[in-house]
Amino acid sequence: MPIALYALTAGAFGIGVTEFVIMGLLIEVGGDLGVSISAAGLLISGYALGVVAGAPIMTIATARWPRKTVLLILMAIFTVGNLACALAPNYWSLMASRVLTAFAHGTFFGVGSVVATTLVAPDKKASAVAIMFTGLTVANILGVPFGTWLGQAYGWRSTFGAVTVVGVAAFAIIALFVPKDHDAPAPSNLKHDLAVLARPQVLMGLLTTVLSWVGVFCVFTYIAPILTRLAGFSDAAVSPILLVFGGGLVVGNLVAGKLADRWLLPTLLGTLMALVAILVLMTFAVHNQVAVVIFVALLGAAAFATVPPLQIWVLRKADGAGQSLASSFNIAAFNLGNAIGAWLGGYVIAGGPGLGQLPWIAALAPLAALALALYAIRFDRLRGEAPAAAD
């Protein structure tokens, strides 16, 4: 694989750290800024909503620009945003800085996915996307635990300072190794680009993404209480177990990328079925320490195994000038699923069947995603379109 792909991975790593590291620093942030832990937790929601809002805005605003230039601008926004987080004097300035940083997220992965597919042969596109997204998985395995330790040892601001340095390094690596666009940027017509979002196949792809990740985050958001209250682990055991989850992310992402290169639709359907099955069976494993650790790893693998086929599926359905916009919207769809899943999980715990029933209820969302994907494939066949390969 070309080194330019790993330059994109470096950017993905930095973005992954800044998105998730705050989860381990809520107590430190809340104590320093004089807000409750629940208020500090809204910094996570604010980031997710910033991704959802920023993806279409930034993609439309930069549609006429060369993709390498766009990636560099996004990394500059990311770097400045993290520096602002490190220097934030109060809660609301930190919230604003988090939202600013999030504006780079969706478009970076959207445009980055398109760039990644141009760097490799047609039969390697899903693997290329998977390699870029490996930055997110490595961020979860190495970056987030290190950032959490750094913030707890030297103050949460030091973590955002370190991520700022990562942003500078990623900017330099992208500038050096990502090639300039081979062709001049295609003329962009906003009305034409937005029309891609009116295609039923694209909308079904985006909704499939949302539903699949509602299920993932419905459980993952509350994985710590599942491990401590139901399985009986100590608080200190949670971080090592999350490393197991991160290992699952890496394996699922890379394996699914390889499979999706050859069999896109079977891989897509298979990963959704696996996600449903794992969530249902996890319901019966949450009270057994060995079993629940196994299912945490399987959940990580199944979760990120959906990413390459979903991203490539949406790119294919949006073939043409609207690809970057559709790709960015799909990243926003992942984050919308995250936000809805976290809310749904909280509702189930506080006002529904309770924590122990969370996994099987979460499984209903990817089950709906599976049904929608099957309908979308049938929709293509009825319209006489090749359903991407028996792909």
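In terms of the working numbering, the sequence shown has 1204 at position 20, counting the first letter as 1, and numbering is strictly consecutive. Even for Gly, the Cβ is constructed at its ideal location relative to N, Cα and C.
Residue i versus the options, residue with shortest Cα-Cα distance
i, options, result
"S1396", "G1484, W1276, R1567, G1538", "G1484"
"R1282", "I1257, F1479, G1389, T1348", "T1348"
"L1381", "A1510, V1422, I1515", "A1510"
"L1453", "I1425, G1430, P1492", "P1492"
"A1353", "M1259, A1560, P1424, L1226", "M1259"
"T1405", "R1567, G1525, G1345", "G1525"
"V1304", "L1548, P1537, P1329, P1186", "P1186"
"Q1495", "K1442, F1479, S1512", "S1512"
"W1527", "L1387, D1216, L1566, I1228", "I1228"
"I1561", "P1240, L1449, A1247", "L1449"
"L1378", "I1257, P1250, A1239", "A1239"
"V1328", "F1355, P1424, N1514, I1257", "P1424"
"F1479", "A1444, P1537, F1429", "F1429"
"G1541", "A1502, C1402, W1497", "Correcting the residue type first, residue 1541 is Gln in the shown sequence and not Gly. The residue with the shortest Cα to Cα distance from Q1541 is C1402."
"W1592", "V1532, I1533, F1417, G1441", "Residue 1592 lies beyond the range of the chain shown here (1185 to 1575); nothing can be said about it."
"M1466", "A1502, V1435, I1407", "I1407"
"G1506", "T1253, T1243, A1444", "T1243"
"G1339", "A1421, D1445, V1439, D1216", "D1216"
"K1501", "A1337, G1389, T1253", "G1389"
"P1306", "T1451, P1250, A1444", "A1444"
"G1351", "V1422, F1197, Y1559, A1516", "F1197"
"Y1559", "P1384, T1451, P1250, F1417", "P1384"
"F1355", "L1438, T1246, L1226, I1257", "I1257"
"K1252", "A1534, S1508, H1471, S1418", "S1508"
"H1471", "I1515, Q1336, L1438, F1417", "F1417"
"A1516", "A1420, V1394, R1413", "V1394"
Close Cβ partners of residue i (< 8 Å) along its chain, the five nearest in sequence each way excluded
i, result
"I1199", "F1262, A1288, H1289, F1292, F1293, G1319, L1320, A1323"
"G1300", "With the sequence shown as reference, residue 1300 is identified as Ala, and Gly is not the correct amino acid for it. L1189, L1192, K1309, A1312, V1313, I1315, M1316, listed in sequence order."
"L1255", "L1192, G1195, F1292, V1295, G1296, V1299, I1358, V1362"
"L1433", "L1320, T1321, N1324, I1325, G1484, A1485, A1487, F1488"
"G1230", "M1279, R1282, V1283, A1286"
"G1431", "I1325, A1481, G1484"
"V1264", "L1284"
"G1529", "F1401, C1402, V1403, T1405, Y1406, L1542, A1546"
"I1241", "F1287"
"P1537", "I1545"
Residues near residue i in its chain [Cβ-Cβ closer than 6 Å; skip 5 each side]
i, result
"Q1473", "A1415"
"S1342", "L1334"
"A1475", "A1469"
"G1331", "V1201, V1205, T1343"
"P1550", "S1396, G1399, L1456, L1459, V1460"
"T1392", "A1553, L1556, A1557"
"T1490", "S1396, T1455"
"V1532", "L1542, I1545"
"T1246", "V1254"
"F1422", "Sequence inspection shows Val at residue 1422; the Phe mentioned does not correspond to that position. These residues qualify, in order along the chain: A1408, L1411."
"L1420", "Rather than Leu, the amino acid found at residue 1420 in this sequence is Ala. So the list is empty, once near-sequence residues are dropped."
"V1435", "A1485"
Close Cβ partners of residue i (< 7 Å) along its chain, the five nearest in sequence each way excluded
i, result
"A1224", "L1210, V1213, G1214"
"P1409", "L1539"
"V1219", "Y1275"
"A1547", "G1399, V1460, L1463, V1464"
"A1272", "L1278, S1281"
"V1477", "I1425, V1428"
"G1345", "A1270"
Residue interval of the alpha helix (DSSP H) (run including residue i)
i, result
"T1559", "Note that residue 1559 corresponds to Tyr in the displayed sequence, not to Thr. Here the alpha helix (DSSP H) through Y1559 covers 1542-1566."
"G1171", "The question about residue 1171 has no answer here: the residues shown for the chain are numbered 1185 through 1575."
"F1518", "1507-1535"
"D1216", "1210-1217"
"G1200", "1187-1204"
"M1207", "It is not in any alpha helix (DSSP H) - M1207 carries neither H nor E in the DSSP assignment."
"S1418", "Element bounds for S1418: n/a, residue is neither H nor E."
"Y1275", "1275-1286"
Okay, do the segment 1357-1365 and the segment 1196-1215 touch, 3+ Cβ pairs below 8 Å being the bar? Touching, no, given that fewer than three Cβ pairs across the two stretches are closer than 8 Å.
Going along the chain, which unbroken runs of the alpha helix (DSSP H) with 4 or more residues stay wholly within the segment 1298-1384? Runs of the alpha helix (DSSP H) lying entirely within the segment 1298-1384, each at least 4 residues long, are 1309-1322, 1328-1338, 1340-1361, 1374-1379 in chain order.
The segment 1231-1246 / the segment 1515-1523 touching (three or more Cβ pairs under 8 Å): Contact holds: three or more Cβ-Cβ distances are below 8 Å.
The segment 1268-1284 touching the segment 1554-1564, judged by at least three CB pairs closer than 8 Å: no
For a minimum of 4 consecutive residues, which ranges assigned as the alpha helix (DSSP H) are wholly contained in the segment 1230-1259? Runs of the alpha helix (DSSP H) inside the segment 1230-1259: none found.
Could you pull out every unbroken alpha helix (DSSP H) segment of at least 4 residues lying fully inside the segment 1455-1510, listed in chain order? 1473-1489, 1491-1501
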